[in-house]
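These protein sequence lines map, in sequence, to chains A and Y. Okay, so the first sequence: first residue is 13 according to the numbering used here, each after it adds one. Okay, so the second sequence: first residue is 11 according to the numbering used here, each after it adds one.
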Amino acid sequence: MILAADGASLGFPILTAIVVLPVIAAVLVLFTPRRNPEYAQLLAGAATVGTAALTIWLLSSFETGEAGFQFVSKQTWIEPWGISWHLGVDGISLFLVALTAFIFPLVIIGIDPEREHKSYLAWMLLLEAGVLGTFLSLDLFMFFLFFEIIIVPMYFLVAGWGHEEREYAATKFFLYTMFGSAFMLVGVVATAVIARNSLGYLTFDLIEIAEGANFATSTGRWLFFAFAIAFAVKVPIVPVHTWLPLSHTQAGHRSVILAGVLLKLGSYGLVRFGIYLFPEAAFWDFTRYLFLTLAVIGIIYGAIAATMQPDLKMLVAYSSVAHMGFIILGTFAFTEQGLTGATLQNVNHGVSTGALFLLVGWMYERQHTRMIADFNGIQTVAPIFAAGFMIVMLSSIGVPGLNGFVGEFLILLGSWDTARWWTIVGATGVILAALYLLWAYQRTFHGVPDEKSKTFPELKVREAAVLLPFIAVIVFTGVYPKPLLDRINPSVDALLEHVEERTDLVRPEPEISQEQLERAQIELEEEHGEEELSTEEGSDEGEDE
Amino acid sequence: MAELVWLIPAFPLLGFLVLLLFGRRLGDPIAGYFAAGMVFASFVVAAAIYFDFLGKPEEDREEVVTLFSWLPVGELQVDLAFLADPLSIAMCLFVCGIGGLIHLFAIGYMQGDPKFSKFFLYLNLFVFSMTLLVLGENLLVTFLGWEGVGTCSYLLVSFWHTREEAATAGKKAFITNRVGDWGVMLAMFLAFATVGSLSYNALNDAAESGLMSGVAATGIAMLLLLGATGKSAQLPLYFWLPDAMAGPTPVSALIHAATMVTGGVFLLVRINPVITVAYDWVPTTIAYVGGITALFAATIALAQNDIKKVLAYSTVSQIGYMILAVGSGAYVAAIFHMITHASFKALLFLGAGSVIHGMHDEQDMHKMGGLRKYMPVTAACYIIGYLAIAGVPPFSGFWSKDEVLLYALADSVPLYLLGLIAAIITAFYMTRQVILVFFGEAKWESRANEAEAPEPEPTPQSVGAAVSDDPDEAAPDGGAVTTHGAHGEFKPHESPPVMLIPLVVLAFLAATAGVLNLPALFGIPTRSQLKLEEWLHPVIEFGEADIKSSWAYENEYLLVALAIACVAVGIGLAWLIYSQKRIKPWEPSFLANGWYYDSTIAKFMGGPGRAGFQAVADVDRLYDRHVVDGTAIGVRETAGQLRKGQTGNVRQYAGFIGLGALLILAWLVVFRGIL
């Protein structure tokens, strides 16, 4: 793998700015007067919009076709332990950073917490900084810090601004993630200490360890699983998924963040700190088949469980389990298409499921219920709201032309060669996705509105302003995903090369090679030419008769 | 000229976008005329390319137009590209031509509907998707159109979603189609793994040159067949189509008769070289799927009472003929029958729509009768369509059905018999329908006194009477719209010109479309023979079966005579039963209920299927509450017990330390032998 430590740079530590800006804003928010929550809101909004603007700059200056890390900034932090402030972005993390930076302002502007604005906004900003830091860290220790920091604001956001069972949900979320983190802490420290044996010095630097260190086979596998358990909880992979539906339903509007961004920490971690750091262990048959199988179980199980949920939010939450299953399937397919698709699907899922949660959240705001049975005939009273829901739903179902399809298709196409049976079973997820979403849509939006649903207000301007960017991304990515793919693919390619060098991974080739086909096509054309001549002669004779 | 092929989908897309932004402002009926205009514009482009191709030598009649790179990932390079060739242009001509006529008809039919512009918005989106389907240069662009038409079908079937029946039917259509789509997706993966590309040219060339292995070809063909059974409503996935009749009638005509449902047939014709190099049992399977479906659906049609349901089952049956043709290697006949079927079935559906409109939303044929006096134009057109579908010479259906049967016999006798028996039944049930609706005594005169109304379609009624009922409001009780009949002054009326003109044009097509591909029989000038075969030759030459030396081909006269005799038997029987009433009708309930196929599936899905799904959801909840929480609580309790040891009593701690030291010492002495 090429290390572009000096890839693109702007002469300005843009990544550091992206991470630090929300933290500064979080601190400042605490000093705003309690009586005027609008100051806090203005400040938080400005900070998140500023971060988003920085991300646009990042996107536009990102070097397309470059595989390595770009905009790297590295400052020694704790020298004796080899810990440094090391940030960098590549095709795998780029769009996750962008997704995070765009979703936060929309949620902060679009949703009113209703009470205790100050602490709410401070927690939100801290959460954003934590997530961005996690996606950008190239140092094991820093990664761990950011990964853990996230749990704190998330706990308080769920417990403070959630619904009826919020304490239970927050505790469950906390325990689940801490359970995974405990393993990861051991993994982080052990990785650095053991890597010292082959590197000769102690460092927590991800790139140095991944490129230079040699782990004994079994050591590497133990370490991989120490990380993988933490990530599996975050994704979540069945059977450690049960925190998700509960947290989603109880988190109120924060579920947009939860689904849009937090789950990706797990799937991103598996790629960056699983496959990249421990290629042998990740490609080991046992690991591969374990994750592929759990992924497919997740797809089917999540979809079936989603079908029978009486609560709209639970339904979307379980659909997340299914969608994340696709991402894991693509990740452990170890093909260019699979891994590129998985990376893209991370973003797609964030957008579509994020938007679905947003819509369901607005439905809750209107009627104070999430139960499917409490809605009917909404399409008649609020056709624009219904149309928005329909587009987002079709994206989630994976209809071509919208973003969800691109990711799912690449994932399944990529996994066909290396994991055929898993693909065949996993692909039935597209049937089930149509089943649970269309059934839910029919029960809530179709039919004749009853007394209660008749008063359902139409989409408000503010809501439309929040929803439109989501729909724009959904359509754009579905119709023209090339700009995204062109940036993701080189990094994925380099990662696979990295794995190839260290394992016996062989990339699948088509049964018939390009050259064979081209040669055959030329021959066919020649044959046709001759045939044309002879038939023409033949038909002439025929007419003569 | 052919490089302008992108204009064909561009016009309906433009129509969709304009209607999306300004549809409500354009309103009724301008939005409708605008949408129809867009479709006719596409038709003009397609026709221009057709004439351009005619002037070129056969091998130059192909043009690939690439718009942009769509999915470029490593080896996978999929372009958003169109393939203009004889097959796709032929498809575009009839899709846009008949589609435009149906748009026109819909302007009259949907008049007064509050969602008028939305209806045409969906219709244009549908035509856009359908043209993508047929123009796709690779499987993925076709799939984009394929799913697009499926989505539009969902939106349009459940257009009057306040009726539960319509909402459910839309959902059922989409989900059933998804089962087939699963097959198409897997076929694409297999195709990519085989040739490293999804383009039709690569696939077909690999097959023609012999590079493609029989296994791979078999896999691709069978998976696409699964997709075709979904989209083209064949066994085992046909059962969504009859329910889809809950949509507005122009939708039934356009999507569920003329265009979308032939998508599966088109796809199989498109990849005919792959089918040809697949194992021998693949075409045989395809042929039997089609033949059995043709017969199966025909038997159901003969016991239906709803005018649209008869046509729906008849569509399933007629597409069965096309699939039978594909399986017998008669690709030209498949496309020929597709085109003739599109014209006469669209005609029949629109005619049925006109009847329903004129009867104020009555769909039960037993409550019609004698309508030819009240709706002369509709009746005349309908009867032409009837003669075409029944296979009466010289109407179009006769020629195309005959060609399918010819190739079927050349393939195998059982296939021929399936098709022939289905042809008798077709003539029978269509005669029954025409007699019940247009002849005999008028049974609707007593209707005013009847209380029960059998869930008719809530047509937006406002012709004559200025009732601008919101169907959303009126729909829950569809019968409420039919207020005109309630006072005993009920009288069927003829439809307005905007609805009749498309009928007349379609009737002309249904009568004459046979000239597209007249057989090589005595009395037919050589120049007019087999024009379609000549046109499609470059696309199908590899796959088309050569039957010139078969017994069937040499005795084609005999087959024609036999076919005419069979049609006569079917018509005659129906005439004796329903017109002369010499024989008691035989309409057993197992046929009326479609051999209980659909209801068995519905019972399974609603019963054990649903219970199984519920069980999974329950297991998940129990797993969380007991296993996960149980573990957490277990840990807490263990920790609580352990905490009790932390008494803070220093002497106790010292005691434990001493005890521990002793134990370690003992262990060292006893087990390790140290001392």
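Where a beta carbon is used, it is the ideal one built from N, C-alpha and C, also for glycine. What you are looking at is a predicted structure, and each value in this text was computed from that prediction instead of being measured.
Integer-rounded CB distance, given that residue j should sit under 8 Å from residue i
i      : j      : result
Y:P283 : Y:E218 : 5 Å
Y:L583 : Y:F438 : 6 Å
A:F10  : A:W93  : The requested residue 10 of chain A is not part of the displayed model; chain A covers only 13 to 557.
A:L108 : A:N358 : 6 Å
A:I104 : A:R284 : 7 Å
Y:L425 : Y:L569 : No, Y:L425 and Y:L569 are not in contact; Cβ-Cβ is about 13 Å, not under 8 Å.
Listed by chain order, chain A residues near residue i by CB distance under 8 Å
i      : result
Y:G401 : Residues of chain A passing the Cβ test: none, with the nearest at roughly 30 Å.
Y:V680 : None at all; the shortest Cβ gap to chain A is about 34 Å.
Y:M195 : F421, L424, A439 and V442
Y:V79  : Strictly speaking, residue 79 of chain Y in this sequence is Ser, with Val absent from that position. Those within 8 Å of Y:S79 in chain A are K494.
Y:I185 : I443, A446, L447 and L450
Y:T178 : Q454
Closer than 7 Å at the beta carbon, the chain Y residues around residue i
i      : result
A:W89  : Residues of chain Y passing the Cβ test: none, with the nearest at roughly 35 Å.
A:L406 : T161
A:N570 : Residue 570 of chain A is absent from the model: chain A starts at 13 and stops at 557.
A:M320 : F623, Q624 and A627
A:G413 : L154 and G158
Residue interval of the beta strand (DSSP E) (run including residue i)
i      : result
Y:Q87  : L86 to A94
A:S331 : Here A:S331 belongs to no beta strand (DSSP E); instead the alpha helix (DSSP H) covers L324 to T343.
A:W374 : Unbroken run through A:W374 is the alpha helix (DSSP H), E348 to Q379; no beta strand (DSSP E).
A:S105 : Run containing A:S105: none in the beta strand (DSSP E); it sits in the alpha helix (DSSP H), G103 to G122.
A:T60  : Where A:T60 is concerned, there is no enclosing beta strand (DSSP E), although the alpha helix (DSSP H) it sits in stretches over P49 to S73.
Y:F78  : E73 to V83
Listed by chain order, chain Y residues near residue i by CB distance under 9 Å
i      : result
A:D505 : G84
A:H98  : Chain Y residues near A:H98: none, gap ~29 Å exceeds 9 Å.
A:R429 : The sequence shown places Asp at residue 429 of chain A, not Arg. Neighbours of A:D429 on chain Y, chain order: F199, F202 and A203.
First through last residue of the alpha helix (DSSP H) which encompasses residue i
i      : result
A:I90  : First-last for A:I90: Q82 to I90, but that is the beta strand (DSSP E), not the alpha helix (DSSP H).
A:F303 : D297 to T319
Y:P506 : Neither: Y:P506 is in no alpha helix (DSSP H) and is coded neither H nor E.
A:T146 : H129 to L148
Y:R631 : R620 to L632
Under 9 Å from the C-beta of residue i: neighbouring residues of chain A
i      : result
Y:K613 : None at all; the shortest Cβ gap to chain A is about 17 Å.
Y:V189 : T440 and I443
Y:K541 : The contacting residues do not exist; Y:K541 stays about 14 Å from chain A at best.
Any non-hydrogen atom of the ligand SAH within 7 Å of residue i CB
i     : result
Y:K66 : Among the components modelled here there is no ligand, and therefore nothing to report on the ligand SAH.
Within chain Y, partners of residue i - CB distance below 8 Å
i      : result
A:Y313 : V626 and D630
A:I436 : L196
A:V418 : L81
A:I120 : In chain order: nothing, as chain Y lies at least about 30 Å away.
Per-residue contacts from residue i into chain A (C-beta, under 7 Å)
i      : result
Y:D634 : T254
(request) Below 7 Å between beta carbons is the criterion; list the residues of the region 140-166 of chain Y that meet it against any residue of chain A, in chain order. (result) F153, L154, E157, G158 and T161
(message) Please list, in chain order, the residues of the region 348-368 of chain A that have any C-beta partner in chain Y closer than 7 Å.
(response) E348, Q349 and T352
(message) To be precise: take each residue of the region 637-648 of chain Y, compare its Cβ to all Cβ atoms of chain A, and keep it if any distance is under 7 Å. Which residues remain?
(response) V638 and A642
(request) Pull out every residue of the region 202-221 of chain Y whose Cβ sits closer than 7 Å to any Cβ of chain A, in chain order. (result) F202, A203, T204, V205, G206, A212, D215, A216, E218, S219 and L221
(request) With a floor of 4 residues, list each alpha helix (DSSP H) that falls wholly inside the region 142-210 of chain Y, ordered by position along the chain. (result) 149-167 and 174-205
(message) Under 9 Å, CB to CB, which of the residues in the region 483-498 of chain A have a partner in chain Y?
(response) V491, Y492, P493, K494, L497 and D498
(message) Please identify, using Cβ separations under 7 Å, the residues of the region 446-458 of chain A that lie next to chain Y, in order along the chain.
(response) A446, L447, L450, W451, Q454 and H458
(request) Could you name the residues of the region 519-535 of chain A whose beta carbon sits closer than 8 Å to any beta carbon of chain Y, in the order they occur along the chain? (result) P520, E521, P522, E523, I524, S525, Q526, Q528, L529, A532, Q533 and E535
(request) Compile a chain-ordered list of the residues in the region 243-274 of chain A whose CB is closer than 7 Å to at least one CB of chain Y. (result) T254
(message) Runs of 4 residues minimum, wholly inside the region 451-492 of chain A: which ones carry the alpha helix (DSSP H) assignment?
(response) 473-491
(request) Identify each residue in the region 184-207 of chain A for which the Cβ-Cβ distance to at least one residue of chain Y is less than 7 Å, and report them in chain order. (result) L187
(message) Quick check for students: name the residue ranges of the alpha helix (DSSP H) that lie wholly in the region 206-261 of chain A, counting only runs of 4 or more.
(response) 218-224 and 229-246
(message) Counting only Cβ-Cβ distances shorter than 7 Å, please list the residues of the region 375-392 of chain A near chain Y, keeping chain order.
(response) G389, Q391 and T392
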